[in-house]
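The block underneath contains the structure these notes are about, expressed in structure tokens.
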Amino acid sequence: MGYIKVDNTKVTKEIADQLKQVCPFNAFEYVDEYLSINASCRVCKLCVKKGPKGVCEFIDDSRPQIDKSKYKGIAVFMEQHNNLCHPVGFELLGKAKEIALKTNEKVYAIVIGSDTQAMVSECLQYGVDDVFVYQDSLYRDFNVERYTNVMESFYKKYQNNVILFGSTPLGRSFAPRVAARLKTGLTADCTMLDITEEGDLLQIRPAFGGNIMAKINTPNNRPQLATIRYKMFNKPAIVKPFGQVHHESVEDIEKHSRIELIESVHKPQAKDISESEIIIALGRGIKKQSDLALIEPLRAQLGADLACTRPLIENGWFDARQQIGLSGRTVKPKLLINIGISGSVHFIEGMKEAETIITINQDPQCKLFNYSHYAICGDLYQVLPKLNELLEQLGVTQHV
Amino acid sequence: MKIITCIKQVPASSNVQVDPITGVLIRDSQNVKMNPFDLFGLETAFQIKSRIENTAIHAVTMGPQSATQVLKEALYMGADDATLLTDRKFAGADVLATSYTISQLVKHMKDYDLVICGKQTTDGDTAQVGPEMAEFLGIPHVPYVKELIEVTSKYIIVRSAYDQYDEIVKVELPCLLTVEKDANTPRLPSYRRQLLFDNYKINYVTFKDLEDQNENHYGLNGSPTQVDEIFSPDKSMHSTRFEGDPQTLSNQLVEILKDKRFL
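Structure follows, in structure tokens:
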């Protein structure tokens, strides 16, 4: 905590320019030979570390440190619909168990719903230490006001260290509400998590549209909250349940809400590519819509699902739910074949977890090659017809 | 009805890289623009104004002096007035401190019925500021609004887009909405309005105007999270490269797929 102080006796035009270069946020203003810092400053201290020596100084006016040893336990909010857990919750339990080994903390699942029994036993199967259950008929559907009250009540009682949420649309609306209620930090859309022995959660997330990664921590506040992308981590192994179930009283939790759910309308279910095992992803290398037929033999043979990059969505060739990338889906298939994709950072962030990645592209410098296990350097319009001949010879159509 | 729309100035390009040696951010431009998501938020406000008589739309932003540019754009599009929230004391704010500071501004503006934000910004990308503000204001929020179904002076009914489903909710006013991308077609700034606002003076609000005068709630001091380091995404992996004529390449591809038991 603190701010940056500028020693203007040392500032010249050159130094001012140098500092302007260093600052990622355009926070320096040099007017009438006076260098000042405006409200854009994020106190990233780059000017102190990378700028000319002795010009900028970080002034620390810290608040007293909290006693971190008092806050124990990594909790996961189990998102549910119709009393069925969203799989992201189990993935987070897996990650929580992994990092909890470092700090010797327990892993908690927080289950809120109207009929929680099945969800509770599922959590136990994945080997959580404690399941905290908040059951009421009013908790059947997610309601941000009621659920926030529940989380507040949980934290007041258990004073735990970390609470994790899935970075689903629901989680992204709910977690900030909880963070503001508990007046603590929240890091959105983490792609990696770790923890220090002291219990400080290290949260890594893409910033500037994924062009850089930022490592964020919450040094002096508890609980530490983070939302984590779906499909980033593996579900834990199924074990013989050993955890304890705590049925919490909900009587004293405020249930009034100013939000009334009138209807939840399910969109026609195009299969979600984030669940797919085998994906063929297509990009701008495909020149016209009719060329998609070239892909069909391979797709049929593999039983693959089709996905694409943003330009093909903009062309109207695909549904937006088939887009891979930061603004689309994160996928984690066993096999991903990229055809005609050069590989923007956004796309790469969405697919880099695939187990086997094959990329076909005619550009030898194609960026995506660096992220592929197999780089096939060739023109898709020449390779695919040959491939289709081969597939025809193979003849065996795999029945799924 | 009194509507407060929150907008933000963001870098025009998110194309930044980290210099691997110095660790300094390299940007390819210093240009800025209005956060594209906010355009849909503003348009939502304009559409409510066309439905409800006596509606005033107040555009607000937090940022340095140069952020007045996006406020002007909002005025030229159709906002009735514009306020810049700026103070050195707000510097270094993370999501919590930012949300708190803007919620203090909204409180300062009093008697509002609706607060409208874009779903997220293109630079922060968190989509958290809206919901956190609502919590600080003690009002309900509805995220990802893509359609206004009914607007009255007591409540509104909207449709929200979640990944797999839509929700139609009725919510009491005052409340906060975050508006989904492509919820509507934002209008362009008009030249006539630009002339109209030629002599307009943007309102300034600074720390001393806010109700909460505890400096520890703002800026870096009020921010629980801090950035430890920034780095380029580095994902080097073992990669095998195949070159040659199309026939060889397709043979190899089939071999790989067989080897991995996909064929």
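Chains as they are written, first to last, in my numbering: chain A, 8 to 407; chain B, 83 to 345. Each residue gets a CB set at the ideal place from its N, CA and C atoms; glycine is no exception. Note that the structure is a prediction, hence the values are computed from the model and not measured.
Q: Verify the CB distance criterion: does lysine 342/B have a CB-CB separation below 9 Å to chain A?
A: yes
Q.
Just to make sure I have the definition right: I need the residues of chain A whose C-beta is within less than 9 Å of the C-beta of valine 251/B. Which are they?
A. Ile266, Glu267, Leu268, Ile269 and Glu270
Q: Flag arginine 188/A as yes if its beta-carbon sits less than 9 Å from any beta-carbon of chain B, otherwise no.
A: yes
Q | As assigned by DSSP and simplified to three states, the class of glutamine 334/B | A | helix
Q.
Quick check on the DSSP output: the beta strand (DSSP E) that includes histidine 223/B runs from which residue to which?
A. 223 to 233
Q: Take tyrosine 237/B and list the residues in its own chain whose beta-carbon comes closer than 8 Å to its own, dropping the five residues that flank it on each side.
A: Lys252, Val253, Glu254 and Leu255
Q) In or out: phenylalanine 35/A buried (at least 16 other Cβ within 10 Å) or exposed? A) buried
Q | Alpha-carbon to alpha-carbon, lysine 52/A and serine 181/B | A | 23 Å
(Q) Between proline 392/A and chain B, is the shortest Cβ-Cβ distance under 9 Å, so that the two count as touching? (A) yes
Q.
What does DSSP give as the partner residue(s) for isoleucine 119/A in the beta ladder?
A. Tyr141/A
(Q) Is the separation between the beta-carbon of threonine 165/B and that of leucine 153/B shorter than 9 Å? (A) yes
Q. Are any of the Cβ atoms in chain A nearer than 9 Å to that of cysteine 257/B?
A. yes
Q. So, leucine 259/B versus glycine 123/B, is the Cβ gap smaller than 9 Å?
A. yes
Q. Does the region 347 to 367 of chain A come close enough to the region 287 to 298 of chain A that 3 or more CB-CB pairs lie under 8 Å?
A. yes
Q. Do we get a CB-CB distance below 9 Å when we pair proline 146/B with the residues of chain A?
A. yes
Q) Shorter than 9 Å from the beta carbon of threonine 87/B to some beta carbon of chain A? A) no
Q: Taking 9 Å as the cut-off, decide whether the C-beta atoms of arginine 229/A and isoleucine 73/A are in contact.
A: yes
Q | Three-state secondary structure (DSSP) of glycine 178/A | A | helix
(Q) Taking the alpha-carbon of alanine 233/A as reference, which of Tyr381/A, Asn168/A and Asp259/A has the nearest alpha-carbon? (A) Asn168/A
Q.
Can you list, in chain order, the residues of its chain with a C-beta nearer than 7 Å to that of lysine 263/B? Leave out the 5 residues immediately preceding and following it.
A. Phe119, Phe122 and Lys201
(Q) What does the Cβ neighbour count give for proline 3/A, buried or exposed, with the cut at 16 atoms within 10 Å? (A) An answer regarding residue 3/A cannot be provided, because it is not within the stretch 8 to 407 covered by chain A.
Q | Cutoff 6 Å; reference glutamate 249/B; Cβ partners in own chain excluding five residues on either side | A | Ser242
Q.
Out of Ala311/A, Gly310/A and Glu321/A, which one is the CA nearest neighbour of lysine 295/A?
A. Glu321/A
Q: Please check if any C-beta of chain A sits within less than 9 Å of the C-beta of leucine 339/B.
A: yes
Q: Taking only beta-carbon positions, decide if phenylalanine 128/B is within less than 9 Å of chain A.
A: no
**Q.** Neighbour-count burial assignment, phenylalanine 218/B, 16 or more Cβ in a 10 Å radius
**A.** buried
Q | Sequence ranges, beta strand (DSSP E) only - wholly within the region 209 to 251 of chain A, length at least 3 | A | 219 to 224 and 231 to 235
Q | Under 9 Å by beta carbon: chain A residues contacting phenylalanine 172/B | A | Ala46
Q | Proximity test, Cβ basis, 9 Å: tyrosine 158/B and chain A | A | no
Q: Go through its chain and collect everything with a Cβ distance to alanine 138/B's Cβ below 6 Å, but skip five positions before and after it.
A: Lys84 and Asp162
Q: Anything in chain B within Cβ reach of valine 151/A, meaning under 8 Å, just list it in chain order.
A: Pro213, Pro222 and His223
Q) Who does proline 93/B pair with in a DSSP beta bridge? A) Val114/B
Q.
Please list, in chain order, the chain A residues whose beta carbon lies closer than 8 Å to that of alanine 265/B.
A. Residues of chain A passing the Cβ test: none, with the nearest at roughly 14 Å.
**Q.** C-alpha distance - lysine 393/A paired with glycine 326/B, whole-angstrom precision
**A.** 13 Å
Q. Between cysteine 315/A and the rest of its own chain, which residues show a CB-CB distance below 8 Å, the 5 nearest in sequence each way excluded?
A. Ala288, Leu289, Gly290, Trp324, Phe325, Gln329, Gln330 and Ile331
Q: Tell me, please, whether the CB atom of threonine 307/B is closer than 9 Å to any CB atom in chain A?
A: yes
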